[in-house]
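Trainee: Can you read through this structure? Questions will come right after.
Numbering (our numbering), first residue to last: 352 to 430.
As structure tokens, then:
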């Protein structure tokens with residue numbers, strides 16, 4: 352679970368600044384900061400915090416990000 356949350360934080364860190372500014376409802380800095388703790392301050396991880404992030408905050412994040420995912424391209428039937 353820790354590794355998956357690190358990956359989410361790494362992905363958040365790679366989101367462009369204009370996109371982050373356009374979607375301030377997403378706690379980008381908190382996500383990246385949490386990744387930093389997971390990756391570099393292993394002794395500082397509290398399991399209850401990790402559990403809350405995985406079971407509560409992750410669901411909220413998915414709910415916020417889902418509408419931002421563009422629809423898949425239409426199939427090209429010209430062949």
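Each residue gets a CB set at the ideal place from its N, CA and C atoms; glycine is no exception.
Bear in mind the structure is a predicted one, so any value in this text is a computation, not a measurement.
Ordered along the chain, which non-local residues of its own chain (more than five positions away) have a Cβ less than 6 angstroms from that of residue 405?
Mentor: These residues qualify, in order along the chain: 352.
Trainee: Are the beta-carbon atoms of residue 361 and residue 389 separated by less than 7 angstroms?
Mentor: Contact flag unset, no.
Trainee: Between the alpha carbons of residue 425 and residue 375, how many angstroms are there, rounded?
Mentor: Cα to Cα, residue 425 sits roughly 30 angstroms from residue 375.
Trainee: Relative to the C-alpha of residue 382, which residue among 355, 399, 373 is closest?
Mentor: Of the listed residues, the one whose Cα sits closest to residue 382 is 355.
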